[in-house]
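A.B. asks: Before I ask anything, here is the structure I am working with.
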Amino acid sequence: MVAGCDFMRDELERVQAELERVQSVPSSSFVAPTLLEPSLDCIRDLERLVDRYRSERSQSRASTQMVRGPRQVRPRLEGEVSSCTTGVEEDSVSNK
């Protein structure tokens, strides 16, 4: 039971010290964000920003895909045959 009392006393001292520290900070140094009931104008502005962000993001993706172009495929070396197109490769080689 003594250990429990020691713990509670230590915890109380810690909380009191923290409270004193917080109370010593001038109130002007706190910036508390406040948001009153959002106005319709505020909501519309936010919707416009979200729409513009989505539009710019999709345009960015499209231009990135255009810049990358089609996937580059390494040309096969002579005699190299793909397991997926074995018949096609053999036919194209035999026609030469």
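Start counting the sequence shown at 1; every next residue gets the next number (full-length UniProt numbering). Virtual Cβ for every residue (Gly too), placed ideally from N, Cα, C. If you're wondering where the values come from, they're calculated on a predicted model, not measured in any experiment.
Which of the three DSSP states is assigned to S25 in this structure?
C.D. replies: First, the residue type needs correcting, since residue 25 is Val and not Ser in the sequence shown. Correct three-state label for V25: coil.
A.B. asks: CA-CA distance, T64 and C42?
C.D. replies: Distance between the alpha carbons of T64 and C42: 33 angstroms.
A.B. asks: Once DSSP output is grouped into helix, strand and coil, what is the label at E11?
C.D. replies: helix
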